[in-house]
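The opening position of the sequence shown corresponds to residue 117 in the numbering used here, with each subsequent residue numbered one higher.
Beta carbons are placed, not taken as given, at the ideal position from N, Cα and C, and that holds for glycine.
Just so we're clear, the structure is a prediction, and the values are computed from it rather than from any experiment.
Here's the structure we're looking at; comments come further down.
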Amino acid sequence: MVTEPASKNANVVAECLRSWNSKAVAEVSEYRGETTIVVPRELLRATAEHCRQDAKLQYNFLTDATCVDRSPVEPRFELNYHLVSIPRREKVRLRVWLGGNDPVADSLVPVWPGANWLEREIFDLFGIRFSGHPDLRRILLPEDWEGYPLRRDYPVEGYRDVPNTGELFRKSSTP
Numbered sequence: 117m118v119t120e121p122a123s124k125n126a127n128v129v130a131e132c133l134r135s136w137n138s139k140a141v142a143e144v145s146e147y148r149g150e151t152t153i154v155v156p157r158e159l160l161r162a163t164a165e166h167c168r169q170d171a172k173l174q175y176n177f178l179t180d181a182t183c184v185d186r187s188p189v190e191p192r193f194e195l196n197y198h199l200v201s202i203p204r205r206e207k208v209r210l211r212v213w214l215g216g217n218d219p220v221a222d223s224l225v226p227v228w229p230g231a232n233w234l235e236r237e238i239f240d241l242f243g244i245r246f247s248g249h250p251d252l253r254r255i256l257l258p259e260d261w262e263g264y265p266l267r268r269d270y271p272v273e274g275y276r277d278v279p280n281t282g283e284l285f286r287k288s289s290t291p
């Protein structure tokens, strides 16, 4: 990926975060007008809170959370939170690198309640655990599903026998 010169927004965000905590910004990049700030894993939640509460930044809306499995490269997982400052009309992506086969990151549900289902989806499909998440369980796949289908090491075996919708409905509606 080619990195472009930093935009005004990238500079504002990076300077604001660095003045708050000199270790909060590991890297800044710009690509096609989108700013990415790489944050150390241990500072993710605090940095997100600062992005939301700081009067200069005002990132008050979480639009999406995504994950990428870059295996066999380490750190293996790239966790991305896409933020928008509605008053400033600016976007930024917070990125955290997670390594290993059992990766953990702090949940951002306390900062943006809308992160709840996004983090559950990432947990369900990639196996990323979010410490402090209020309800970390599968959201798309059955509870007894083995493995994480969007991991690059997930076996490609074709279709599995999955109970039909009627059975799933009956299971979920019984007390």
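The alpha helix (DSSP H) spanning residue i covers which residue range?
i: Lys124; result: Lys124 to Trp136
When you compare the CB positions of residue i and residue j, do they come within less than 8 Å of one another, or not?
i: Ser123; j: Gly149; result: yes
i: Leu210; j: Thr163; result: yes
i: Val154; j: Ala140; result: no
i: Phe177; j: Val212; result: no
i: Ser168; j: Val227; result: In the sequence on display, residue 168 carries Arg and not Ser. Contact: yes.
i: Phe246; j: Ala221; result: yes
i: Glu237; j: Leu257; result: no
i: Cys183; j: Glu190; result: no
Can you name the start and end residues of the beta strand (DSSP E) that residue i belongs to?
i: Glu262; result: Unbroken run through Glu262: none, as it is neither H nor E.
i: Ala181; result: Phe177 to Asp185
i: Asp144; result: It should be pointed out that residue 144 corresponds to Val in this sequence rather than to Asp. Counting along the chain, the beta strand (DSSP E) containing Val144 begins and ends at Glu143 to Tyr147.
i: Arg245; result: Arg245 to Ser247
Drop a sphere of 10 angstroms on the beta-carbon of residue i, count the other beta-carbons inside from all chains shown, and report buried for 16 or more, exposed for fewer.
i: Asp240; result: buried
i: Gly248; result: exposed
i: Asn217; result: exposed
i: Arg268; result: exposed
i: Asp253; result: In the sequence as displayed, the identity of residue 253 is Arg instead of Asp. Exposed, since its Cβ has fewer than 16 Cβ neighbours within 10 Å.
i: Asp180; result: exposed
i: Val272; result: exposed
i: Pro219; result: buried
i: Tyr147; result: exposed
Distance cutoff 8 Å, beta carbons only. Does residue i sit that close to anything in chain D?
i: Ala130; result: Of the chains in the structure shown, none is chain D; there is only one protein chain.
Looking at residue i and the ligand SAH, is the gap between the Cβ and the nearest heavy atom below 7 Å?
i: Glu259; result: The ligand SAH is not part of the structure shown, which contains no ligands of any sort.
Let me know the secondary structure DSSP gives residue i once reduced to three states.
i: Glu158; result: helix
i: Arg253; result: coil
i: Arg168; result: helix
i: Val118; result: With a pLDDT of only 46 at Val118, under 50, the local geometry of the prediction cannot be trusted, and the value read off the model is given with reservation. Residue state, collapsed to three classes: coil.
3 or more residues per run - each beta strand (DSSP E) lying fully within the stretch 188-240 = 193-201, 206-214 and 220-222
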